[in-house]
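Shown next, in structure tokens, is the structure this report addresses.
There are 2 protein chains.
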Amino acid sequence: MVGERWSLLIIRELLIRPARYGELLDSLPGVPTNLLADRLRRLEAAGVVERRYDAEVEGVVYGLTAWGLELREAVEALVRWSSPLMLQGRGKDTFRRQWLVIALRALLRGRSSPKPVTVGLEVEGASIAVSLDRSGVDVTEAADRLPAATLRGEPSELLRLAAGLVPVDSVIDSGNLYGSRDIFASVFAPQATDKHGAST
Amino acid sequence: MVGERWSLLIIRELLIRPARYGELLDSLPGVPTNLLADRLRRLEAAGVVERRYDAEVEGVVYGLTAWGLELREAVEALVRWSSPLMLQGRGKDTFRRQWLVIALRALLRGRSSPKPVTVGLEVEGASIAVSLDRSGVDVTEAADRLPAATLRGEPSELLRLAAGLVPVDSVIDSGNLYGSRDIFASVFAPQATDKHGAST
DNA sequence: CCGCATCCTCATGGATACTG
DNA sequence: CAGTATCCATGAGGATGCGG
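Protein sequences, first through last, are from chains A and B.
Take 521 as the starting number for the first sequence in the working numbering and just add one per residue.
Take 521 as the starting number for the second sequence in the working numbering and just add one per residue.
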């Protein structure tokens, strides 16, 4: 049901935000338009995706149903597992900045911060923010609340820089999770090998 | 890397136990032998699967590497998401009793029991047991410790019976998680719709 | 036997052109 | 903009072969 090629990637995009057909085409580099149409039809028939009329754009947007939203846990688990692969940053890999929204939530999941903080990132000319408070990851996207001081850079370079920096917990405990290189490190350090984040 | 057809299913099987080539062929109804061989080769090259010599069987068994084992979280999340589908029990669906081992762990994940208990199931003539204690799910498989009183039946019928029974928490708190119909209910009640298990 | 490799057929995916 | 239609390439499915 969600195992066909592209299906889970489409769902990942819709976990970030509802999107128009054209946005999905652009968000999923390499997807043939006929397959995108086919998968959306199948997922809609299965009750995972639904078409909505958006007055703002005066057109149809695709979004996840309540059931579809419950795939967040599974997608985030896959993101966590594959984060070491992202760090390798193959040259041919494409990148979309909004993918960091999913990555941030996935890797910060289960963590908390004594003071509410907002992690800010700027990649490829656009900004993303994720809030974290005592109860955990709170807000997914709040680009307008992005601080002035954020990381900037080409994604694969950022990803490589992010490997093996400051332990996540100490960064969060300092209450200074905001706008430093450590933030990005906390996000992309592989958790698999070290519960407290990379340390070398 | 794990998105090709059959790959995640192979990994699910190997999360249950290391297996021989022939066992995998039987565990994955419908898999063509050439594809199984191809996927095992790819997964081995990727460092997810490894071939081991098993003195017991005097032959090669396939198992997950440390990295591959970290896919448990992702696979269990997918199992949890799809458990409502399992409850529907389409007629054509095939079933292997060892899949209950994964389902048990996935659905009991995060729960605990004041007294250590062992959930026992008997399906298709074979038995499976999973232990649960104060710290959570503990032991995956312990067929020898299976109690006399277990559920028996054809899987799809059991799955249908399991829908909408006693709340999970009350069953566990009663300390009587052992050998009753409620056990099976606690395992297969969809968690998505109701934190305390189905109630109707 | 078990553990694959080979072969063939057909369904699916990929790229591009096209249309309401 | 939001998809269809078309065509070709690739991968899947199923049977069978074959060496250890």
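Ideal Cβ positions, reconstructed from N, Cα and C, are used throughout, including at glycine.
Count the other C-beta atoms from every protein chain shown that fall within 10 angstroms of the C-beta of residue i, then say buried if there are 16 or more, exposed otherwise.
i	result
Met521 of chain B	exposed
Glu590 of chain A	buried
Tyr573 of chain A	exposed
Gly588 of chain A	buried
Ala586 of chain B	exposed
Arg592 of chain B	buried
Between the C-alpha atoms of residue i and residue j, what's the straight-line distance to the nearest angstrom?
i	j	result
Ile622 of chain B	Ala597 of chain A	16 Å
Arg629 of chain B	Val577 of chain A	42 Å
Val551 of chain A	Val551 of chain B	26 Å
Ser603 of chain A	Glu533 of chain B	23 Å
Ala626 of chain A	Val580 of chain B	36 Å
Leu584 of chain B	Met606 of chain B	26 Å
Leu624 of chain B	Leu556 of chain B	26 Å
Phe615 of chain B	Pro549 of chain B	9 Å
Arg561 of chain B	Val595 of chain B	20 Å
Tyr541 of chain B	Gly542 of chain A	44 Å
Leu529 of chain B	Ala575 of chain B	26 Å
Trp619 of chain B	Arg600 of chain B	13 Å
Asp613 of chain B	Arg617 of chain A	40 Å
Ala566 of chain B	Ala565 of chain A	35 Å
From the beta carbon of residue i, is the nearest beta carbon of chain B less than 8 Å away?
i	result
Met606 of chain A	no
Ala565 of chain A	no
Glu570 of chain A	no
Gly645 of chain A	Summary for Gly645 of chain A: the model assigns pLDDT 48, below 50, so the residue's position carries little reliability, and this model does not support an answer.
Leu598 of chain A	yes
Please tell me whether residue i and residue j are closer than 8 Å, where the distance is taken between their beta carbons.
i	j	result
Leu563 of chain A	Thr553 of chain A	no
Val568 of chain A	Ile531 of chain A	yes
Ser547 of chain A	Ala539 of chain A	yes
Arg559 of chain A	Glu524 of chain A	yes
Determine, for residue i, whether the minimum Cβ-Cβ distance to residues of chain A falls below 8 Å.
i	result
Glu533 of chain B	no
Trp601 of chain B	yes
Ala594 of chain B	yes
Leu591 of chain B	yes
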